[in-house]
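First up is the structure itself, then whatever we jot down about it.
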């Protein structure tokens, strides 16, 4: 079995993660809430759709990215400095481009929904731009890139997990840490400008656990292969079913209250452990035959993630004065945003001067970079 064949299961996960984010954002109302202005029965459709579509989360992207980085370093070792510079070029330069783009593009939705003055005020403050740059809060999805970069800088720890798979339990430890530290930070620093930065720092430290899991998973895959661990599939599926049951309870609470139940701890564990279970399930099935077209489609997953708010904003503007029920609005958003984003990403890929903005082309000469190993080029996340 060739390496590329074995990695098709990762490509499937990359594609799932990218599409899952579209589902997450499309199932909320224009303010990112679970349709609180509608009757309970009207919230059922969007919340149920969200529960199934949002199984991957951005945390799955982090696990995939670390797994592929550890794989690449195992095949071609590099110094810490070289890896750091490579990740800066790969992540932060496109991030800077999209930060500036969305800062301007947000005016379209702000004007349509009547908060353009607030957005103009934000763009005129240096502190808000610091948040855009360090936190990625220029748009609801941009937080992922600085978070991923922060997690990746700890990659020597993940390489240690390759030889010591028990370190993969660090994923659970990290989630315990996240739960406890946020429980302290929010009430202690509520209303302070430093709170978002403290929360992000705590999040990055807790997500090191995902990196340890990814390193441990690579070590298991490297030594035993997928076929050896396939006997764990029933256990993993059972664990996933239990987590989905907890997600169902969390969804019920959302439907009834019209708010997300952030204080429901079983729902917290279900949400944040599902990417671990999903990744390990696909690892166990990696030796199976996967459609090779998934590898081609997965190349556009990063672009879909970055670009889908462009069309989601337009869809929400078009729907803002309609009397359609939330379920129909969600289906319309998904049905229009996914194909529109896919076509836009395909167009960007064909435009050589812009393909780098979605991770599919070389950076402009203004940003020279050293060549990447073949496996890294093929599986950029």
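Residue numbers (my numbering): 1028 to 1408. We put the beta carbon where it would ideally sit given N, CA and C, even for glycine.
A Cβ-Cβ distance of about 6 Å is found for the pair residue 1173 and residue 1161, placing them in contact under the 8 Å criterion. With 16 or more other Cβ atoms inside 10 Å of its own Cβ, residue 1047 counts as buried. Three or more Cβ pairs closer than 8 Å define a contact, and the segment 1071-1091 meets that threshold against the segment 1292-1302.
At a Cβ-Cβ threshold of 9 Å, residue 1136 and residue 1057 count as neighbours.
In this structure, residue 1296 places its C-beta atom within 9 Å of the C-beta atom of residue 1202.
Apart from sequence neighbours up to five positions away, the residues of its chain that approach residue 1042 with a beta-carbon distance below 7 Å are 1321, 1324, 1325, 1328, ordered along the chain. In this structure, residue 1179 lies away from residue 1390, with their beta-carbon atoms at least 9 Å apart. The segment 1331-1344 makes contact with the segment 1130-1150, as at least three CB pairs between them are under 8 Å. At least 9 Å separates the beta-carbon of residue 1170 from that of residue 1333. DSSP, read as helix, strand or coil, puts residue 1106 in coil. The segment 1087-1094 makes contact with the segment 1223-1238; the number of CB pairs closer than 8 Å reaches 3 or more.
Per DSSP, the unbroken alpha helix (DSSP H) holding residue 1173 starts and ends at 1171-1179. CA-to-CA, the gap between residue 1307 and residue 1148 works out to about 45 Å. Within 10 angstroms of the beta-carbon of residue 1264 lie fewer than 16 other beta-carbons, which makes it exposed.
With contacts defined by Cβ atoms closer than 9 Å, residue 1118 and residue 1175 form a contacting pair.
If you draw a straight line from the Cα of residue 1088 to the Cα of residue 1353, it comes to about 28 Å. With fewer than three CB-CB distances shorter than 8 Å, the segment 1209-1229 does not count as touching the segment 1268-1288.
When DSSP states are grouped into helix, strand and coil, residue 1156 belongs to the helix group. Around the beta-carbon of residue 1245, 16 or more other beta-carbon atoms lie within 10 Å, marking it buried.
Taken through DSSP and simplified to helix, strand or coil, residue 1298 comes out as helix. Per DSSP, reduced to three states, the secondary structure at residue 1342 is helical. In this structure the segment 1370-1388 does not lie against the segment 1052-1069, because fewer than three pairs of beta carbons, one per stretch, are closer than 8 Å. Excluding residues up to 5 positions away in sequence, 1292, 1295 lie with their Cβ nearer than 8 Å to the Cβ of residue 1206 in the same chain. Residues of the same chain with a CB within less than 6 Å of the CB of residue 1316, apart from the 5 flanking positions on each side, do not exist. Each residue's CA atom was taken as its position, placing residue 1108 and residue 1231 some 20 Å apart.
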